[in-house]
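Here's the structure we're looking at; comments come further down.
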RNA sequence: CGGGGCGUAGCGCAGUCUGGUUAGCGCGCGUGCCUUGGGAGCACGAGGUCGGCGGUUCAAAUCCGCCCGUCCCGACCA
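Numbering (the numbering used here), first residue to last: 475 to 959.
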């Protein structure tokens, strides 16, 4: 049996992180491959997780005054081409529609890689007066980017995301919006997904194609690689001038609007897997977990009917209390099999109920996030189950965040010179932070040497910083570097 | 898109080098019995265009060519 068990185990995280990631995603039922390169199915378990994430973010987007809308999937080539930097950035990975039925189209249509162009062209028609501003619209959509190298959730040819597109009267207002949404992302990702992030600005070479400034929230995965978890762009007036988005201001002068755009994607699902998971599979943050409690009956021949009935009753009580719950009543599987299965799927709490518990009017509650068996299981009087579950779900959410934050902090290292920098990137990965006064060429050199990129210049800066770790010149800010997904 | 690995039943694999009956094994799946507190046991059974196309041959999972998918490493990107 030991061998059988081994055969079914996941590849350990420490042995081969990539392999572990793929196996976890597939076996937990989050996604599956299809016959189209880079296109995955998001399976019901993964999609429910995404829906929970989406709902939590959607509430925040609406609470900050935005409305949802839906714009077309297709972008006429002429529109996409209008902004030079933008088309240069996205054209290489565009999928094109050239035929409708048997007829070749007069103008080919890009399947949106992002919607600045299509939305900009529409905004030009909608906005005439300063009274029409601000325009605060978000859309939940799919986009297509024909990536050369794909990975489940982290880089798929088609992915789901939200993209906010706003127009403002002044630069200051647009900048305020850009940072407001960056803050919304930080709050969403930290509170709901229990993933700590560093909020900051992208360098010139890393910013979005066509943007004036790009801001980002950067997370650190368990293998020491960074993941860009969300971006918020101040688009300035680039797109406004290209698409002719003008308004007549109070002073009777025609002006171009100031725009922002911001997005997060299904990539975040990959982030959850990579930040919280362990050798037994997923560990899902309770706030977004598709299933928060799994009820598993321990059936014996003598007590079969009574135990099943009790399991159903516990499940119903949890559901009535607003907890997302399931009962696994499959009698052909042993309890042990189910423990492993639901561990793999990352369910935060397991409720075990058997004859011994019933005799004592208690239930057994086991925490997914703890590995020590004595510590993870608790026996609770049945009438205190709901309050205990509520408390434990909160505790787990906090514990996951704290664990991820501690890991991130332990793997964030400060350097004063390039020799230290290279040594840490090579030997330990993680975030490497240092005073920065370098150029785009300097960044390129660092990337060539170490594969590390400038992740962001954090919004929160120390009072004083030493000389640039790379150039030795006086610096007035620190920057985060890492190898990244 | 360049370099490398892999592709045989739902999953994991053997067989390929050295072509030759009916392509095997474990898990899973179905039925029955039995069992159930960390992936139980026995019996019977179902399940295969050997990734695809083409070529060589009396004969191809096996040899050759092209293509596709996936994983890893690079260049590019959420």
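Positions of the beta carbon are idealized from the N, C-alpha and C atoms, including for glycine.
Here residue 559 has 683, 684 and 712 as same chain residues with Cβ atoms under 8 Å from its own Cβ, once five neighbours each way along the sequence are excluded. Around the beta-carbon of residue 510, fewer than 16 other beta-carbon atoms lie within 10 Å, marking it exposed.
The C-beta of residue 736 has 16 or more other C-beta atoms within 10 Å across all chains shown, which makes the residue buried. Here residue 830 carries a helix assignment [DSSP, helix/strand/coil]. One Cα belongs to residue 501, the other to residue 804, and the distance between them is close to 19 Å. Between residue 733 and residue 648 a beta carbon distance of about 6 Å is seen, short of the 8 Å cut, so the two are scored as contacting. Rounded to the nearest whole angstrom, the C-alpha separation of residue 512 and residue 872 is 34 Å. As the crow flies, the alpha-carbon of residue 542 is around 41 Å from that of residue 916.
For residue 675, no alpha helix (DSSP H) run applies; the uninterrupted beta strand (DSSP E) run containing it begins and ends at 672-675, by DSSP. Within the DSSP bridge table, the entry for residue 613 names 637 as partners. DSSP, read as helix, strand or coil, puts residue 949 in coil. Judged by beta-carbon spacing, residue 727 lies beyond the 8 Å limit of residue 607, meaning their Cβ atoms are not closer than that value.
Taken in chain order, the complete alpha helix (DSSP H) segments of 4 residues or longer contained in the region 553-588 are 558-564.
DSSP places residue 818 in the uninterrupted alpha helix (DSSP H) bounded by 809-818.
If you ignore the 5 residues before and after residue 498, its C-beta comes within less than 7 Å of the C-beta of 484, 747, 751, 755 and 756, all in its own chain and listed in chain order. Shortest Cα-Cα distance from residue 634 to any of 829, 554, 599 and 521 involves 521.
The region 820-890 contains, as complete beta strand (DSSP E) runs of 3+ residues, the segments 823-827, 836-841, 851-855 and 886-888 (chain order). Annotation for residue 730: the continuous beta strand (DSSP E) segment containing it runs 728-730.
The Cβ atoms of residue 698 and residue 903 sit closer than 8 Å to each other. Scanning its chain for C-beta atoms nearer than 8 Å, with the 5 sequence neighbours on each side dropped, one finds around residue 718 the residues 598, in chain order.
Taken in chain order, the complete beta strand (DSSP E) segments of 3 residues or longer contained in the region 772-810 are 799-801.
Within the same chain, and ignoring the five residues on either side of residue 587 in sequence, the residues whose Cβ sits closer than 7 Å to its Cβ are 564, 567, 568, 617, 618 and 619.
For residue 518, there is no enclosing beta strand (DSSP E); the residue is part of the alpha helix (DSSP H) that begins and ends at 518-537. The Cβ atoms of residue 663 and residue 615 do not sit closer than 8 Å to each other.
Residue 612 places its beta carbon less than 8 Å from that of residue 638. Here DSSP, grouped into helix, strand and coil, assigns residue 655 to helix. Distances from the alpha-carbon of residue 610 to those of 603, 628, 623 and 642 put 642 closest. Taking C-alpha positions only, residue 892 is separated from residue 652 by approximately 33 Å.
Taking 8 Å as the cut-off, the beta carbon of residue 802 is found no closer than this to the beta carbon of residue 822. DSSP links residue 542 through a beta bridge to 612. By the 16-neighbour rule on beta-carbons within 10 angstroms, residue 922 is exposed. Considered as a whole, the region 696-759 harbours 712-717 and 741-750 as its complete alpha helix (DSSP H) runs of no fewer than 4 residues, in chain order. Residue 692 has its alpha-carbon roughly 8 Å from the corresponding atom of residue 930. Annotation for residue 688: the continuous beta strand (DSSP E) segment containing it runs 687-694. When 885, 919, 545 and 796 are compared, the shortest CA-CA separation from residue 945 is found for 919.
The alpha-carbon separation between residue 867 and residue 897 amounts to approximately 40 Å.
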